[in-house]
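Top to bottom, those sequences are chains A and B. Per the numbering used here, the first sequence starts with residue 2, numbered consecutively. Per the numbering used here, the second sequence starts with residue 2, numbered consecutively. Working notes for the structure below.
2 protein chains.
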Amino acid sequence: MRNVRLDIAYDGTDYAGWQIQKNANSIESELRNAILKNNIELFKLTGSGRTDAGVHANGQTANILINSTIPDDRIKFALNNKLPDAIRVLHSEEVDLNFSARYSALAKYYSYHVNLDKIANPIMRNYSWNFPYSIDKDRLDYITHYLSGRHDFYNFMSTGSKVKTTTREIYFIKPKFNNNDLVINYFGNGFLYNMVRILTGTILEYSAGKLSQDRIDNIFKSKNRKLAGITAPAKGLFLEKVFYNFNEIEDFWQRFLDIPKSFQLK
Amino acid sequence: MRNVRLDIAYDGTDYAGWQIQKNANSIESELRNAILKNNIELFKLTGSGRTDAGVHANGQTANILINSTIPDDRIKFALNNKLPDAIRVLHSEEVDLNFSARYSALAKYYSYHVNLDKIANPIMRNYSWNFPYSIDKDRLDYITHYLSGRHDFYNFMSTGSKVKTTTREIYFIKPKFNNNDLVINYFGNGFLYNMVRILTGTILEYSAGKLSQDRIDNIFKSKNRKLAGITAPAKGLFLEKVFYNFNEIEDFWQRFLDIPKSFQLK
């Protein structure tokens, strides 16, 4: 039995999300089908985590426990041959049997794409949130620093999710402007269900003057989900990268001050 | 009767092109429907020119001869209310009755988007041509200068098109790299049917060493369409801007040395 790590990019627009569901097409089910169609014996497929319907990925990860004679670096081509072009395996590499895409993950990087134009650009309509309001850059600066760090993010989790603890650490939240396009980059040790989308809604509503200082001041003080802002739509969210070792994290962190926009709109 | 100029952006992926066709959905027919649904009396709708199925626009133009009491700058909102979100009217403005989006046009700017990655990015699959070969930058530089200027572009026109003359002037062809993404910008006084796509195919094949020097040397010397390269796919092509006055052209030309990528991929 071999364990192969997959790095995967996808356009989530036409999918019900990562996880297999009845009567709905998921990224995971497309991957499983592609594995089957290559006559690869699959024992287990584990993703780094779920993504919701409409959420995209440039660097989702998974590991597959398989029997197959296909060399590890050829597996990406074998799978891509059978996958729809909305899903691409970018990298495939044999890893230690105890590597788990989910449990070995140390950190994740998400980007959220916003367009501030009064009229939404058609090309980006499935890949960014059109938020046609003026953003106060001082408020944006304040709120992104305020929300960064180690906090109980209970108020930033959609109800119904079960987790042991709602405390997470966000290493940084970094907004980048390119004219009327705004990319908000989130780098942290883990994220609760819908956390990046609720953070984004809160950041934008506050920066546009639609959330009071009082609400923000209390957001980590009392458990009340209504203190946070709206949940930003799924379509602007990209899972950019999952980190499995500390060197990678350090490198990324250093380079981030000069990070390229993961993509730039218009 | 009023004449209103419209500036229009669209995602051409799911359309049969600009022009109305039987049994196929076109940008023009969506516009006509949106005008009708607003009870605007329409005498004539003229686009700056056709775009093929799959071709996109950030700055297509049209003019509509209408009877309506809607103020000119509100017409964009009225139309957008009834248009699918793949099509947006960005600007609407009353113009002189003798203005024609087609016949008053002095110049056009197109961009063609190429991605050179070995594995095509899913997000960009409908908005760029994946050309996974190495590009020799000296050859790219040579060919883009060679093809610029005033020439008989007969060999760069798809067969079957009828025009008075096949001579056109390309003011410049300017490639811009951003890592593995390449945008080729075309600015000229007019373009024949499929000309930008055939130019792009020729430029890329030559730059990747797939077209001989001999073929290129003869490309303007004899009328033989087989001398040109392949026709690049429609999906990478964007109609960026149509120019109607000389100041606008001069401004654009000067700023072009520092032109932003119309969008940046990955």
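From the three backbone atoms N, C-alpha and C, an ideal C-beta is built for every residue, glycine too.
Below 8 Å CB to CB, which residues in the same chain sit around B:Leu37 once its five sequence neighbours on both sides are set aside? Residues of the same chain with a CB within less than 8 Å of the CB of B:Leu37, apart from the 5 flanking positions on each side, are Leu43 in chain order.
For chain A, find out if any of its Cβ atoms is closer than 8 Å to the Cβ of B:Ala57; answer yes or no. What sits at residue 57 of chain B in the sequence shown is His, not Ala. Chain A contact via Cβ: present.
Buried/exposed call for B:Val164, threshold 16 Cβ in 10 Å: Counting of Cβ neighbours within 10 angstroms places B:Val164 among the exposed residues, the total staying below 16.
Is it a yes or a no for the segment 59–72 of chain B touching the segment 7–19 of chain B, going by three-plus beta-carbon pairs under 8 Å? The segment 59–72 of chain B makes contact with the segment 7–19 of chain B; the number of CB pairs closer than 8 Å reaches 3 or more.
From A:Val56, A:Asp86 and A:Tyr187, residue whose alpha carbon lies closest to that of A:Gly150: Relative to A:Gly150, the option among A:Val56, A:Asp86 and A:Tyr187 whose CA is nearest is A:Tyr187.
For the segment 85–101 of chain A, which residues have a beta carbon sitting closer than 8 Å to at least one beta carbon of chain B? Of all residues in the segment 85–101 of chain A, Asp86, Ala87, Ile88, Arg89, Val90 and Leu91 have a Cβ within less than 8 Å of some Cβ in chain B.
Determine the direct distance from the alpha carbon of B:Phe244 to that of B:Asp73, and round the result to whole angstroms. CA-CA distance, B:Asp73 to B:Phe244, rounds to 20 Å.
Quick check on the burial criterion: 16 or more other C-beta atoms within 10 angstroms. Buried or exposed for A:Asn4? Here A:Asn4 is buried, its C-beta having at least 16 other C-beta atoms within 10 Å.
Roughly how many angstroms lie between the CA atoms of A:Ala229 and B:Arg126, to the nearest whole one? Computed Cα separation, rounded: 36 Å.
Under the three-state reduction of DSSP, which class applies to B:Arg126: helix, strand or coil? The answer is coil: DSSP assigns B:Arg126 none of H, G, I, E or B.
Could you check what DSSP says for A:Asn82 in three-state terms: helix, strand or coil? Residue state, collapsed to three classes: helix.
Skipping 5 residues on each side, what residues in its chain have a beta carbon closer than 6 Å to that of A:Thr203? So the qualifying residues of the chain are Ala229 and Gly230.
Inter-stretch contact (C-beta, 8 Å, three-pair minimum) for the segment 94–108 of chain A and the segment 130–137 of chain B: They do not touch, by the three-pair rule.
Out of B:Asp53, B:Asp15 and B:Phe257, which has the shortest C-alpha to C-alpha gap to B:Pro234? Selected option, being the one with the closest Cα: B:Asp53.
Take A:His328 as the anchor and find which of A:Asn246, A:Ile65, A:Asp218 and A:Gln214 has the nearest alpha-carbon. Nothing can be reported for residue 328 of chain A: it is not among the residues displayed for chain A, which extend from 2 to 267.
So which residues on chain B does A:Asp73 lean against when the C-beta distance must stay under 7 Å? Identification of chain B residues near A:Asp73 by a Cβ-Cβ cut-off of 7 Å yields none; the smallest Cβ-Cβ distance measures about 16 Å.
Leaving aside the five residues before and after A:Val197 along the sequence, list all residues of the same chain whose C-beta is less than 7 Å from its C-beta, in chain order. Here the set comprises Tyr111, Tyr113, Tyr187 and Leu238.
Buried or exposed: which applies to B:Asn122, given that a residue is buried once 16 or more other Cβ atoms fall within 10 Å of its Cβ? B:Asn122 should be labelled buried.
Residue ranges of each beta strand (DSSP E) within the segment 201–244 of chain A, 3 or longer: Taking only runs of at least 3 residues, the beta strand (DSSP E) segments lying wholly in the segment 201–244 of chain A are 238–244.
Can you check whether the CB of B:Gly48 is closer than 8 Å to the CB of B:Trp19? Taking the C-beta atoms as reference points, B:Gly48 is found nearer than 8 Å to B:Trp19.
May I ask you to report which of helix, strand or coil DSSP gives A:Arg33? It is helical.
Between the C-alpha atoms of A:Gly191 and A:His146, what's the straight-line distance to the nearest angstrom? Using only the alpha carbons, I get a separation of about 18 Å.
So, is the C-beta of A:Asn81 closer than 8 Å to a C-beta in chain C? The chain labelled as chain C is not found among the protein chains of the depicted structure, namely A and B.
Measure the alpha-carbon distance for B:Phe157 versus B:Asn219 and round it to whole angstroms. Distance from the CA atom of B:Phe157 to the CA atom of B:Asn219, rounded to whole angstroms, is 13 Å.
Classify A:Tyr207 as buried or exposed, calling it buried when 16 or more other Cβ atoms lie within 10 Å of its own Cβ. The residue in question, A:Tyr207, is buried, as its Cβ has 16 or more Cβ neighbours within 10 Å.
Within-8 Å CB hit, B:Arg6 to chain A: Taking CB atoms only, B:Arg6 has no neighbour in chain A less than 8 Å away.
Would you kindly work out how many angstroms separate the C-alpha atoms of B:Val96 and B:Asn248, rounded to a whole number? Straight-line measurement puts the Cα of B:Asn248 at about 17 Å from the Cα of B:Val96.
With a cut-off of 8 Å, does the C-beta of A:Asp12 fall near any C-beta of chain B? With 8 Å as the cut-off, A:Asp12 counts as an interface residue toward chain B.
Would a check of beta-carbon distances place A:Pro123 closer than 8 Å to chain B? For A:Pro123, the closest Cβ of chain B is nearer than 8 Å.
Counting only Cβ pairs nearer than 9 Å, list the residues of chain A close to B:Tyr128. Contacts between B:Tyr128 and chain A, judged by CB atoms closer than 9 Å, involve Ile124 in chain order.
Can you tell me where the beta strand (DSSP E) holding B:Gln61 begins and where it ends? His57 to Asn68 is the extent of the beta strand (DSSP E) around B:Gln61.
For the putative contact between B:Thr168 and B:His152, defined by C-beta atoms under 8 Å, what is the C-beta separation to the nearest angstrom? Right, the Cβ-Cβ distance comes to about 7 Å (below 8 Å), so this counts as a contact.
Under three-state DSSP, which class holds B:Tyr104? In the three-state DSSP reduction, B:Tyr104 falls in the coil class, being neither helix nor strand.
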